[in-house]
Structure formats: structure tokens, C-alpha cells
Amino acid sequence: MNIYRSFQQLAEKEREGIDFRIQWRWGRTGIAVMAPHGGGIEPGTSEVARAVAEPHHSFYHLDGLKRKGNGRLHITSTLFDEPAALEMARRSWKVITIHGCDGANPTVYLGGLDEDLRARVATVLRSRGFSSAPHPVFRGDQKENLCNRGSSGAGLQLELSEALRASFFARLDRPGRDHPTPIFFEFVAALKTALAGLSEP
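Mapping to UniProt numbering: the sequence shown position 185 is 185, numbers consecutive.
Have a look at this one:
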């Protein structure tokens with residue numbers, strides 16, 4: 001359940017630098033890789049987004065810092081209106097958002113309005129041994145969804161199952177996420193390959 005329906009509501013109740021932090025940097029490709037539910041909110045998504053973005057793409061995350069209860073910081077993607085995130089999306093041609101979802105199978109659920117990019121990513125992931133599918137609920141197909149707010153109007157949403165994210169790190173807690181596994185690097189390399197060569201028409 002989403003407690004906050006806007007970033008302003010969140011900021012009035014939560015303490016920046018203690019409960020959450022926002023970090024971003026600009027790249028030069030016009031592609032932004034974003035984890036709006038990073039840190040302890042959907043563990044592992046910040047690490048994936050940061051690694052995929054390096055060194056050329058833009059990166060953004062809202063990082064949940066609480067010792068417990070980070071789920072209260074979740075603002076649904078169609079309502080996510082943190083100003084730096086919206087500015088990055090507006091100034092980017094293509095937005096890729098990294099999310100975490102439940103799931104005992106190590107699966108990547110692909111969504112967003114960019115059908116060609118979804119197919120491209122699915123092909124590359126399959127070639128590297130990763131399983132992908134459309135999510136039955138979280139499809140990222142609303143125009144207001146953060147992934148579709150780039151200037152192209154169509155982006156990519158990746159929902160990474162808990163089992164997949166758990167395979168990326170020694171553990172999914174914050175200390176464990178400091179120790180990525182070879183599967184993490186293989187997954188990041190696959191996404192980098194899929195994004196390589198994309199250019200604004």
C-alpha cells in the first residue's frame with residue numbers, strides 16, 4: 001500500500017539524509033537509468049541502475065535509508081513526481097526504470113511503451129541465460145509512468161523478481177549488497193549490450 005501519493009507528502013513526513021536520500025548524475029547519451037524505489041525500498045535496484053548507467057548514461061535513484069520499514073517510502077510510478085527525477089526524465093530521450101517485485105523465480109518482467117526496446121532487451125537477456133516475461137500487473141504502459149516520461153514518450157520498465165535480485169548479491173540487506181556476484185555483472189553486461197547503439201532518431 002502506498003502511503004504517499006506525491007513526493008511533497010513524503011518530504012513533509014520523512015527526513016532527507018536520514019530516512020532517504022536522492023542522488024543523480026548526468027550522462028551524455030540522452031538515456032537515463034533510474035531507480036525510483038532504490039536502497040531499502042526495493043533492494044538491489046539502485047545497484048543495478050547505477051552499474052548499467054556507468055559510465056555514459058544518466059543515473060538517478062531515491063534511496064531508502066531506514067533500518068526497517070522502507071516500503072513506506074514507495075511512491076507508485078504513475079505518481080512519482082520528485083523534481084530532480086522529473087527534470088532528468090524531461091531532458092532525456094529514453095528512460096529506463098529498474099524496479100523490484102516479489103517472485104520466487106529469477107525472472108525479469110519487461111514493461112514500458114517502447115515495444116522495440118522491450119524485444120531487444122528480451123533477446124539479449126535470453127542469449128545470456130536470463131528469463132524474461134511481461135508482468136501480469138506491472139506493465140508500465142501508462143503515459144504517466146516514469147519510464148514513459150522521456151521526450152520519446154516511450155520507455156522501458158524492468159521489474160526484477162526477488163529471487164533474481166537475491167542472486168545478484170551475497171545478501172539483499174545493505175551490507176550484503178556491497179558484495180555483488182558474477183550473476184550481477186553478467187546481468188549488467190547484458191543490459192549494457194542491449195542499450196549500446198541506441199540513439200535518438
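All C-beta atoms, glycine included, are put in the ideal place defined by N, C-alpha and C.
{"Check": "In terms of residues, what are the limits of the beta strand (DSSP E) holding residue 79?", "Outcome": "Looking at the DSSP string, residue 79 is not in any beta strand (DSSP E), and its letter there is neither H nor E."}
{"Check": "Anyone know if the C-beta pair for residue 156 and residue 43 falls short of 7 Å?", "Outcome": "no"}
{"Check": "With three or more C-beta pairs closer than 8 Å as the rule, is the segment 71 to 87 touching the segment 43 to 55?", "Outcome": "no"}
{"Check": "CB residue 190 to CB residue 91, shorter than 7 Å?", "Outcome": "no"}
{"Check": "Suppose the cutoff is 6 Å on Cβ atoms and the five residues either side in sequence are ignored; what does the same chain contact list for residue 29 look like?", "Outcome": "56 and 57"}
{"Check": "Drop a sphere of 10 angstroms on the beta-carbon of residue 32, count the other beta-carbons inside from all chains shown, and report buried for 16 or more, exposed for fewer.", "Outcome": "buried"}
{"Check": "With three or more beta-carbon pairs closer than 8 Å as the criterion, would you say the segment 105 to 119 touches the segment 61 to 72?", "Outcome": "no"}
{"Check": "Going by DSSP, name the residue or residues bridged to residue 38.", "Outcome": "63"}
{"Check": "Identify every run of the beta strand (DSSP E) within the segment 113 to 197, keeping only runs that are complete inside it and at least 3 residues long; order them along the chain.", "Outcome": "131 to 133 and 156 to 161"}
{"Check": "Would you identify the three-state DSSP class for residue 97, choosing helix, strand or coil?", "Outcome": "strand"}
{"Check": "Using a 10 Å radius around the Cβ and a threshold of 16 neighbouring Cβ atoms, would you call residue 159 buried or exposed?", "Outcome": "buried"}
{"Check": "Contact defined as beta carbons within less than 8 Å: I believe residue 114 pairs with residue 154. What is the distance between those atoms, to the nearest angstrom?", "Outcome": "4 Å"}
{"Check": "Rounded to whole angstroms, what's the CA-CA distance from residue 148 to residue 54? Just pull it up for me.", "Outcome": "21 Å"}
{"Check": "Among the candidates 22, 94 and 124, whose CA atom is the shortest distance from the CA of residue 81?", "Outcome": "22"}
{"Check": "Residues in its own chain within less than 7 Å of residue 169 by CB, not counting five upstream and five downstream?", "Outcome": "44, 176, 177, 179, 180, 181 and 184"}
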